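As structure tokens, the structure follows; a few thoughts come after it.
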Amino acid sequence: MRPQTAALYTVGALTAVGLGYVVYFDYKRRSDPNFRKNLKRQRKQAAKVAKAQEEDDKNAKIKLIEKVIVAAAQETYPTTPEEREKYFMEQVAAGEALCGQGPEQYENAILPFYKALKVYPAPMELVMIYQKTVPEPVFTTIVNILAIEQQAMEANGAAAASSGTAEEAAAAAATGAEPEIPIDN
């Protein structure tokens, strides 16, 4: 008998034994009365873990949005067109640099892009540019921040007008706090 033929027979026999082993224990596993109960329990646990993870992700996203809104509200923005242009370029460069470092830095890139948006003369045009150039998670978060800010301005229109800026109203809405209303004595 040639060595090649012996090797083929050996491989064939091992494959047959392995396949028989798999079929036998699969049959034993499936005929076990606790198998379906354990499988159902595992599915429920997996669904519970997935739901908890989804809730944690949602809470983390809300905290990130609150942090960005509060940081933007505390920022003092330039007033002259030259300073605004320089500030805009610095913030966009910082955001692009952070995005260039990979997905782990996307959350840090949101604030510079948002600050650049605040000083840009035509914010809606910049949003369209962001849609084409900024990574999707960053763009989505910026749009969510803008939506929260818009809702805060609508909901707290009178309070925001008397207390200051839209950023303060959005920060108050995102954190659940009421904006401060100055009292004239």
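In numbering that gives the first Met the number 0, the protein residues as written are 0 to 184.
Idealized CB from N, CA, C, for every residue including glycine.
Owing to the predicted nature of the structure, the values given are computational and were not obtained by experimental measurement.
| Check | Outcome |
| --- | --- |
| Same chain, Cβ closer than 8 Å to Y113, five either side skipped, listed in chain order | V67, A71, I141 and I144 |
| Contact set for I64: own chain, Cβ-Cβ below 8 Å, skip 5 residues either direction | T140, N143, I144, I147 and A173 |
| Helix, strand or coil at Q100 according to DSSP, with G and I counted as helix | coil |
| Closest Cα partner of E84 within the set G94, Y119 and E74 | Y119 |
| Segment limits, alpha helix (DSSP H) that includes N58 | P32 to Q73 |
| Cβ-Cβ distance between P77 and G94 below 8 Å | no |
| Burial state of K57, where buried means 16 or more other Cβ atoms lie within 10 Å | exposed |
| Coil, strand or helix - Y20 by DSSP | helix |
| Short Cβ contact (8 Å threshold) for L116 with N107 | no |
| Own chain residues within Cβ distance below 7 Å of I182, not counting five before or after | Confidence is the limiting factor: at I182 the pLDDT is only 38, short of 50, which leaves the residue's position unreliable and the question unanswerable from this model. |
| Rounded Cβ spacing between R28 and F34 (contact assumed at less than 8 Å) | 6 Å |
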